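Asker: Sending over a structure as structure tokens; questions will come in a sec.
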Amino acid sequence: MSTTKKKKSISTKKKRIAPPKGKLGVLLPGMSGAVSTTFIAGVEAIKKGLGKPVGSLTQMGRIRLGKRTDKKSPLIKEFIPLCELDDLVFAGWDIYKDDCYEACLKAGVLEKELVEELKDTLKQTSPMPAVFSRKYVKNLNGKHLKSGKTKMDLARQLIGDIKNFKKQSGVDRLVMVWCGSTEVYIQAAAVHSSIKSFEDGLKNNHPSIAPSMIYAYAAIKCGAAYANGAPNLSADVPALIKLAKKNNVPLAGKDFKTGQTLMKTILGPGLKSRMIGLSGWFSTNILGNRDGEVLDDPYSFKTKEESKLSVLEHLFQPDLYPDLYSDVYHKVRINYYPPRGDAKEAWDNIDIFGWLGYPMQIKVNFLCRDSILAAPIVLDLVLFLDLAQRTGFDGIQEWLSFYFKSPMYAEGLYPEHDVFIQLMKLKNTLRYIKGEELITHLGLDYYNLM
Ligand SMILES: NC(=O)c1ccc[n+]([C@@H]2O[C@H](COP(=O)([O-])OP(=O)(O)OC[C@H]3O[C@@H](n4cnc5c(N)ncnc54)[C@H](O)[C@@H]3O)[C@@H](O)[C@H]2O)c1
Numbered sequence: 023m024s025t026t027k028k029k030k031s032i033s034t035k036k037k038r039i040a041p042p043k044g045k046l047g048v049l050l051p052g053m054s055g056a057v058s059t060t061f062i063a064g065v066e067a068i069k070k071g072l073g074k075p076v077g078s079l080t081q082m083g084r085i086r087l088g089k090r091t092d093k094k095s096p097l098i099k100e101f102i103p104l105c106e107l108d109d110l111v112f113a114g115w116d117i118y119k120d121d122c123y124e125a126c127l128k129a130g131v132l133e134k135e136l137v138e139e140l141k142d143t144l145k146q147t148s149p150m151p152a153v154f155s156r157k158y159v160k161n162l163n164g165k166h167l168k169s170g171k172t173k174m175d176l177a178r179q180l181i182g183d184i185k186n187f188k189k190q191s192g193v194d195r196l197v198m199v200w201c202g203s204t205e206v207y208i209q210a211a212a213v214h215s216s217i218k219s220f221e222d223g224l225k226n227n228h229p230s231i232a233p234s235m236i237y238a239y240a241a242i243k244c245g246a247a248y249a250n251g252a253p254n255l256s257a258d259v260p261a262l263i264k265l266a267k268k269n270n271v272p273l274a275g276k277d278f279k280t281g282q283t284l285m286k287t288i289l290g291p292g293l294k295s296r297m298i299g300l301s302g303w304f305s306t307n308i309l310g311n312r313d314g315e316v317l318d319d320p321y322s323f324k325t326k327e328e329s330k331l332s333v334l335e336h337l338f339q340p341d342l343y344p345d346l347y348s349d350v351y352h353k354v355r356i357n358y359y360p361p362r363g364d365a366k367e368a369w370d371n372i373d374i375f376g377w378l379g380y381p382m383q384i385k386v387n388f389l390c391r392d393s394i395l396a397a398p399i400v401l402d403l404v405l406f407l408d409l410a411q412r413t414g415f416d417g418i419q420e421w422l423s424f425y426f427k428s429p430m431y432a433e434g435l436y437p438e439h440d441v442f443i444q445l446m447k448l449k450n451t452l453r454y455i456k457g458e459e460l461i462t463h464l465g466l467d468y469y470n471l472m
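For the sequence shown, the working numbering begins at 23 and goes up steadily by one.
Okay, structure coming up:
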């Protein structure tokens with residue numbers, strides 16, 4: 023992961039985008055979970071006209087082209103060639119063998135009546151046995167597992183699964199999105215530094231290679247674009263980034279930006295834009311789904327906590343604004359509370375200060391639904407990563423930072439967390455791909471000043 027040394031001017035020439043011909047295979051580790059099942063059932067419901075794809079930029083978003091006076095804002099999906107929902111085919115793995123219908127009922131996110139309407143379709147999809155170890159997710163104990171002497175054996179089995187799926191389903195292209203549980207906290211180490219050291223680590227069962235890395239490795243080896251919806255490292259290590267570049271595979275991650283952190287990256291830039299100071303931000307959550315149960319283990323929580331905490335540091339840039347942001351107390355808590363299921367409740371107490379340092383407070387109480395917010399993100403990532411691959415983009419796709427709490431970024435940069443900059447980056451990337459003029463919002467030309 024290195025930044026380009028030579029300065030290149032941005033070409034306004036249209037990129038060649040291969041058309042989205044044929045079917046797109048969507049591979050989901052964590053297929054029986056709340057996010058995966060809400061995503062799959064949601065897509066099927068939308069295809070049947072039983073609901074609208076609310077929250078999805080690819081389905082409902084528009085993009086302005088040219089000047090404001092041109093009044094040209096087509097739907098994104100009409101502007102750029104994206105795969106149609108009818109062409110998605112799902113497959114995945116889980117440590118529980120429930121088919122998609124049973125898993126969806128157990129997740130309890132969607133109403134029973136809706137799930138019943140989709141029963142015949144959902145029944146047709148069941149997860150394959152997973153690569154899993156309780157060393158990396160302590161609070162789960164499923165039995166639908168692969169076995170193998172080494173992590174390389176397990177990777178080869180996943181590669182076999184992917185190849186079989188491709189052959190049997192006739193899909194032309196593949197995207198994998200990690201919707202599995204949050205793994206324990208692991209730091210990047212020497213074993214992750216090169217493709218060779220990583221492959222040796224797979225053969226030697228290195229403890230710093232977690233299951234999510236084995237899935238990412240298998241995806242990249244099969245030419246599948248890969249996104250990580252959880253905060254664990256997974257593909258965010260030099261070895262896998264290098265492998266992705268070598269195999270022309272786009273990567274994105276980490277950790278879907280859904281509820282509380284989405285609010286943080288909406289509110290934070292607003293406060294900072296007015297030079298309002300911040301002395302503390304206390305965030306707490308109650309949630310009762312399986313994700314909450316996994317995060318009840320301190321080792322998995324540590325991974326999530328790091329991801330959630332990193333946001334404010336980069337948003338507020340205390341090194342540039344020491345008077346306003348050098349002494350911020352930031353605390354994040356997640357409490358497992360079963361009665362709530364997927365309907366999470368998040369509270370934020372934000373201590374701010376204004377003119378002459380006078381203190382004020384903001385309280386946010388967000389009663390959200392985690393998987394309802396995450397499902398459209400999975401859809402957009404699938405469609406945009408497929409677009410990226412058809413456009414010839416590989417390695418880290420920073421323009422997809424919009425969807426993540428801990429965006430992946432190239433060495434020498436810092437991650438961009440401001441949701442408004444992230445959206446501008448995403449839309450300008452789409453304009454760039456199509457050879458359209460980038461929009462800077464300068465606007466002087468409307469006043470004859472240019
Ligand atoms: N829902 C959100 O708003 C949100 C936001 C950010 C991140 N996430 C992350 O997305 C992931 C999915 O969330 P969820 O609410 O669906 O959780 P969930 O617990 O309902 O689903 C996770 C699924 O992954 C399975 N799993 C665990 N390890 C696996 C492995 N090695 N191989 C295959 N399957 C495995 C579990 O059995 C479970 O079915 C979690 O890591 C969560 O932290 C969710």
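Glycine included, C-beta positions come from ideal geometry on N, C-alpha and C. Bear in mind that the values here come from a model prediction, so they are computed numbers and not experimental data.
Report, in whole angstroms, the separation of the C-beta atoms of Lys18 and Val153, which I expect to be a contact under 8 Å.
Answerer: With the chain covering only 23 through 472, there is no way to say anything about residue 18.
Asker: Look at the Cβ atom of Ile117, then the Cβ atom of His166, and state whether they are nearer than 9 Å.
Answerer: Yes; because the gap between Cβ atoms is below 9 Å, this pair is in contact.
Asker: Would Leu395 and Thr280 be called neighbours here (beta carbons separated by less than 9 Å)?
Answerer: Taking 9 Å as the Cβ cut-off, Leu395 and Thr280 qualify as a contacting pair.
Asker: Taking DSSP as the reference, what is the three-state secondary structure of Phe442?
Answerer: DSSP places Phe442 in helix when its eight states are reduced to three.
Asker: Thr26 by DSSP, collapsed to three states: which one?
Answerer: Any reading at Thr26 must be qualified, since the residue scores a pLDDT of 44, below 50, and its modelled position is unreliable; the value itself is stated next. Here Thr26 sits in coil by DSSP.
Asker: Let me know the secondary structure DSSP gives Gln190 once reduced to three states.
Answerer: In the structure shown, Gln190 sits in a helix (DSSP, three-state: H, G or I).
Asker: How long is the line joining the alpha carbons of Lys36 and Asp408, rounded to whole angstroms?
Answerer: Cα-Cα distance, rounded: 18 Å.
Asker: Considering only C-alpha positions, which residue in the set Glu66, Cys105 and Gln179 is nearest to Leu196?
Answerer: Comparing Cα positions, the closest option is Cys105.
Asker: For Ser58 and Asp345, I'd like the C-alpha separation in whole angstroms.
Answerer: Taking the straight line from one Cα to the other gives about 44 Å.
Asker: Where Ala397 and Asp349 are concerned, what is the direct C-alpha to C-alpha distance, given to the nearest angstrom?
Answerer: Distance between the alpha carbons of Ala397 and Asp349: 36 Å.
Asker: Starting from Phe3, trace the alpha helix (DSSP H) in both directions and tell me its first and last residue.
Answerer: Here the chain comprises residues numbered 23 to 472, so residue 3 is not present and cannot be evaluated.
Asker: Pairs of beta-carbons, one from the region 118-133 and one from the region 48-68, closer than 8 Å: are there three or more?
Answerer: They touch, by the three-pair rule.
Asker: Which residues in the same chain have their Cβ closer than 6 Å to the Cβ of Ser243, if we skip the five residues on either side of it in sequence?
Answerer: Per the sequence shown, residue 243 should be read as Lys rather than Ser. Answer for Lys243: Ile181, listed in chain order.
Asker: Would you list the residues sitting across from Ser305 in a DSSP beta bridge?
Answerer: Note: Ser305 sits in a beta bridge opposite Val354 and Asp370.
Asker: Check each candidate in Asp108, Ala247, Pro41 and Gly434 and name the one with the smallest Cα separation from Lys64.
Answerer: Note on identity: in this sequence residue 64 is Gly, with Lys being the wrong assignment. Here the closest residue by C-alpha is Asp108.
Asker: Find out if the Cβ-Cβ distance for the pair Gly275, Ala249 is shorter than 9 Å.
Answerer: Yes, Cβ-Cβ distance for Gly275 and Ala249 is below 9 Å.
Asker: Helix, strand or coil: which one does DSSP assign to Gly465?
Answerer: In this structure, Gly465 counts as coil in the three-state DSSP scheme.
Asker: Once DSSP output is grouped into helix, strand and coil, what is the label at Gln411?
Answerer: Looking at Gln411 - three-state DSSP - the assignment turns out to be helix.
Asker: Output the boundary residues of the beta strand (DSSP E) element that contains Lys385.
Answerer: Unbroken beta strand (DSSP E) run through Lys385: Pro381 to Leu389.
Asker: Between the C-alpha atoms of Glu138 and Leu127, what's the straight-line distance to the nearest angstrom?
Answerer: So the two alpha carbons sit approximately 9 Å from each other.
Asker: So, is Lys427 buried or exposed, given that buried needs 16 or more other C-beta atoms within 10 angstroms?
Answerer: With 16 or more Cβ atoms within 10 Å of its Cβ, Lys427 is classed as buried.
Asker: I'd like the list of long-range same chain contacts for Ser95, defined as Cβ closer than 6 Å, with 5 residues on each side in sequence excluded.
Answerer: For Ser95, where only same-chain residues beyond five positions count, the Cβ hits under 6 Å are Arg84 and Arg86.
Asker: Is the region 217-224 in contact with the region 261-268, if contact means three or more CB pairs nearer than 8 Å?
Answerer: Cβ pair count under 8 Å is three or more, so yes.
Asker: For Met150, which residues from the same chain have a beta carbon less than 6 Å from its beta carbon, with the 5 sequence-adjacent residues on both sides left out?
Answerer: Closer than 6 Å at Cβ, skipping near neighbours: Trp115 and Asp183.
Asker: By Cβ distance below 8 Å, which residues in the same chain neighbour Ser191 in space, the five residues on each side in sequence not counted?
Answerer: Answer for Ser191: Lys45, Gly47, Val111 and Ala113, listed in chain order.
Asker: Suppose you measure from the CA of Tyr522 to the CA of Gly376; what does that come to, to the nearest Å?
Answerer: In the structure displayed, the chain extends from 23 to 472; residue 522 sits before or after that span and is not available.
Asker: Does DSSP put Gly164 in a helix, in a strand, or in coil?
Answerer: In this structure, Gly164 counts as coil in the three-state DSSP scheme.
Asker: Run the proximity test for Arg362: is its beta-carbon closer than 8 Å to any non-hydrogen atom belonging to ligand 1?
Answerer: No.
Asker: Assuming Leu136 contacts Lys173 (C-beta within less than 8 Å), just tell me the rounded distance between them.
Answerer: At roughly 39 Å, the Cβ-Cβ gap does not stay under 8 Å, so Leu136 and Lys173 are not in contact.
Asker: Name the DSSP beta bridge partners of Phe426, please?
Answerer: Phe278.
Asker: Please work out which residues of its chain come closer than 7 Å, Cβ to Cβ, to Pro361, disregarding the five sequence neighbours upstream and downstream, and give them in chain order.
Answerer: Cβ neighbours of Pro361 beyond the five flanking positions: Gly310.
Asker: Among Pro229, Tyr207, His228 and Ala240, which one has its Cα closest to the Cα of Ala252?
Answerer: The residue with the shortest Cα to Cα distance from Ala252 is Tyr207.
Asker: Give the secondary structure of Met235 by DSSP, where H, G and I count as helix, E and B as strand, and everything else as coil.
Answerer: Helix, per DSSP.
Asker: Just the Cα atoms here: how many angstroms apart are Met382 and His352?
Answerer: Roughly 16 Å separates the two Cα atoms.
Asker: Apart from the five residues just before and just after Ala177, which ones in its own chain have a Cβ nearer than 7 Å to its Cβ?
Answerer: Here the set comprises Leu224, Ile236, Tyr239 and Ala240.
Asker: Please name the residue in Phe415, Pro51 and Leu452 whose C-alpha comes closest to that of Val263.
Answerer: Residue identity differs from the one stated: residue 263 is Ile in this sequence, not Val. Ranking the options by Cα distance to Ile263, first place goes to Phe415.
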